[in-house]
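Trainee: Its first residue numbered 205, the sequence shown is counted upward by one per residue in the working numbering.
Please see the structure below; I have some questions.
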Amino acid sequence: MNFEKLKNNPKLPRHLAFIIDGNGRWAKHRGLPRSLGHKAGFDNLKKHTEYVEQLGIKNLSLYCFSKENWNRPEDEVNYLMKLFDQMLDEYKKEYLDRDVRIVISGDMDDERLPESVRKKAKELMELTKDKTGFIINPCINYGGRQEIIMAINEILKEGKSEINANEFEKYLYTKDLLPLDFIIRTSGELRTSNFLPWQSTYSEWYFPKTLWPSFSKNDLVKALNAYMKRNRRFGAIKG
Ligand code: IPE
Ligand code: IPE
Ligand code: MG
Numbered sequence: 205m206n207f208e209k210l211k212n213n214p215k216l217p218r219h220l221a222f223i224i225d226g227n228g229r230w231a232k233h234r235g236l237p238r239s240l241g242h243k244a245g246f247d248n249l250k251k252h253t254e255y256v257e258q259l260g261i262k263n264l265s266l267y268c269f270s271k272e273n274w275n276r277p278e279d280e281v282n283y284l285m286k287l288f289d290q291m292l293d294e295y296k297k298e299y300l301d302r303d304v305r306i307v308i309s310g311d312m313d314d315e316r317l318p319e320s321v322r323k324k325a326k327e328l329m330e331l332t333k334d335k336t337g338f339i340i341n342p343c344i345n346y347g348g349r350q351e352i353i354m355a356i357n358e359i360l361k362e363g364k365s366e367i368n369a370n371e372f373e374k375y376l377y378t379k380d381l382l383p384l385d386f387i388i389r390t391s392g393e394l395r396t397s398n399f400l401p402w403q404s405t406y407s408e409w410y411f412p413k414t415l416w417p418s419f420s421k422n423d424l425v426k427a428l429n430a431y432m433k434r435n436r437r438f439g440a441i442k443g
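Listed below in structure tokens is the structure:
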């Protein structure tokens, strides 16, 4: 099915995620600094966010910066922070007047983040919290294990001694998002790198070799067609 035919197809994932990997290698292959790979990666992210919204997919999660990414050289981290700052400004301009909600998964109280990023992220979440349309969920300063520990500590603070899975989910960053159906990790790396471990237990995974800045509209169409052919069983016998 081509892009037009895919629009609002009931078989599409309702919640899609991109692990946008390969920016550094994309730049290296071109003899460019890694920062330009990130720039190209974030430009591509903008395009794909539009495609995903046009397709009628309800929720989009984006792995932008992991807790472990603090281990990178300071100048690379600083450059990425600048990109997040810009991204948040662009979101505000683009989405505030529309029915789009921005949820940001990750520790926005971490003082290693620039104050402007923390402030803009919290402001955007607050300003869009009552929107009921498309949800964009950039995961910035996110770690899956850290998220689970955060939830447990919150539960302990409330003095609860027992909790079930449905209640537990209410303590996660993703509490208002739909179940995570499909995860695309570019660049050929076959691992999850601490991305949404609780949420992805029954997600479908897709690992194209393409480096993120080169991941095209056509690559997205191909990935979604592959997803729609999957037989999701959730432990039962189906199909
Ligand atoms: C994007 O790609 C990841 C981030 C935005 C942190 P990488 O920077 O990990 O690119 P590679 O894996 O080194 O090619
Ligand atoms: C995962 O990519 C994190 C993001 C895409 C933001 P990495 O490039 O940091 O993951 P590893 O180090 O290869 O596992
Ligand atoms: Mg990488």
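Even glycine gets a Cβ: it sits at the ideal position worked out from N, Cα and C.
The structure presented is a predicted model; accordingly, all values stated were derived computationally and were not measured.
1. How far does the alpha helix (DSSP H) with Asn227 in it extend, from its first residue to its last?
2. Assuming Lys250 and Ile339 make a contact with CB atoms under 8 Å, what is their CB distance in whole Å?
3. What is the rounded straight-line gap between the Cα of Gly310 and the Cα of Phe269?
4. Determine the closest residue to Leu331 out of Ser320, Glu358, Phe222 and Arg302, with distance taken between C-alpha atoms.
5. Can at least three beta-carbon pairs, one atom from the segment 417 to 437 and one from the segment 207 to 222, be found at a separation below 8 Å?
6. For Ala221, name the three-state secondary structure that DSSP assigns.
7. Is the beta carbon of Asn227 sitting closer than 7 Å to the one on Trp416?
8. Does DSSP put Arg389 in a helix, a strand or coil?
9. Check whether the Cβ atoms of Leu384 and Ser397 sit closer than 7 Å, and answer yes or no.
10. Would you grab the beta carbon distance between Tyr267 and Ile224 for me? Rounded to a whole angstrom, and I think it's under 8 Å.
11. What are the start and end residues of each continuous alpha helix (DSSP H) run of 4 or more residues lying completely inside the segment 338 to 404, in chain order?
12. Mapping the DSSP letters down to three states, classify Phe288 as helix, strand or coil.
13. Ignoring anything shorter than 3 residues, give me the beta strand (DSSP E) runs that lie fully in the segment 241 to 301, in order along the chain.
Mentor: So, from the data block:
1. Asn227 to His233
2. At roughly 17 Å, the Cβ-Cβ gap does not stay under 8 Å, so Lys250 and Ile339 are not in contact.
3. 9 Å
4. Arg302
5. yes
6. DSSP, reduced to helix, strand and coil, places Ala221 within a strand of the structure shown.
7. yes
8. strand
9. no
10. 6 Å
11. 348 to 361 and 369 to 373
12. helix
13. 263 to 270
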